[in-house]
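Numbering (UniProt numbering), first residue to last: 1 to 170.
In structure tokens, the structure reads:
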């Protein structure tokens with residue numbers, strides 16, 4: 001019989017995985033919402049699709065389901081404070097949004113004006129797995145910039161990695 005892995009053991013191991021920090025926003029008939037997430041990745045490029053994970057106990061879950069849209073904003077080193085706000089350091093959504101500048105996609109989704117890249121997504125599928133919803137979104141539009149250092153999370157801390165870490169093979 002296999003022994004089940006403990007939640008603490010799993011969380012400690014996942015803390016050792018470096019990940020980009022993102023603010024996931026939604027805007028639509030249900031109102032504006034947003035949260036900080038490191039669980040984001042591409043799924044396929046035909047059609048362009050990505051996924052994000054959101055705690056199912058979040059009071060904002062209904063907003064994302066009703067709006068059927070979300071925007072993934074990849075943060076820079078300058079966004080540490082904003083990441084904290086959207087992680088819950090600021091309870092009021094208007095305070096979170098007031099801490100940054102936003103631009104509208106044609107869809108009405110709001111993107112962080114100085115994000116490294118923002119992906120405007122149409123929610124195509126959602127699946128509950130354990131404590132989290134996996135949101136699958138078809139990417140409908142993209143905004144990006146060429147400069148900036150990604151805000152990364154590793155070992156339960158923000159870390160800085162230079163953009164040009166070097167090259168392999170000379």
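Note that the Cβ used here is the ideal one computed from N, Cα and C, for glycine as well.
Span of the beta strand (DSSP E) holding residue 26?
-> Residue 26 -> beta strand (DSSP E) spans 22-26.
Give every residue of the same chain whose Cβ lies closer than 7 Å to the Cβ of residue 86, excluding the five residues on either side of it in the sequence, and list them in chain order.
-> Close CB contacts of residue 86 within its chain, under the 7 Å cut and outside five residues either way in sequence, are with 23, 34, 35, 36 and 96 (chain order).
Which first and last residues belong to the alpha helix (DSSP H) in which residue 8 is found?
-> 7-14 is the extent of the alpha helix (DSSP H) around residue 8.
C-alpha distance - residue 117 paired with residue 143, whole-angstrom precision = Taking the straight line from one Cα to the other gives about 6 Å.
Give the DSSP-derived three-state secondary structure of residue 61 in the structure shown.
-> Residue state, collapsed to three classes: helix.
Cβ neighbours of residue 31 in the same chain (closer than 7 Å, five flanking residues each side left out) | Excluding positions up to five away in sequence, the list reads 63.
Once you ignore the five residues that flank residue 39 on each side, which residues in its own chain have a CB closer than 6 Å to its CB?
-> 53.
For residue 37, three-class secondary structure by DSSP = Strand at residue 37.
Sequence-distant residues of its chain with Cβ nearer than 6 Å to residue 101 (five each side left out) | For residue 101, where only same-chain residues beyond five positions count, the Cβ hits under 6 Å are 113.
Between residue 141 and chain C, is there a C-beta pair that is closer than 7 Å?
-> The structure shown contains no chain C; it holds only a single protein chain.
Which residue comes first and which comes last in the alpha helix (DSSP H) that contains residue 204?
-> Past the boundaries of the shown model lies residue 204; the chain is included only from 1 to 170, so the question cannot be answered.
Output the distance between the C-alpha atoms of residue 69 and residue 76, rounded to the nearest integer angstrom.
-> In a straight line, the C-alpha of residue 69 is about 23 Å away from that of residue 76.
Residue 166 (DSSP reduced to helix, strand or coil) = Low confidence applies here, because residue 166 scores a pLDDT of 49, under 50, leaving its location unreliable; read the following figure in that light. Residue state, collapsed to three classes: coil.
How should residue 110 be labelled, buried or exposed, when 16 other C-beta atoms within 10 angstroms of its C-beta is the threshold for buried?
-> In summary, residue 110 is buried, with 16 or more beta-carbon neighbours lying within 10 Å of its beta-carbon over all protein chains present.
Starting from residue 68 and walking both ways along the alpha helix (DSSP H), at which residues does that stretch end?
-> DSSP places residue 68 outside any alpha helix (DSSP H), giving it a letter other than H or E.
Reducing DSSP to helix, strand and coil, say where residue 140 ends up.
-> Residue 140 falls in the strand class under three-state DSSP.
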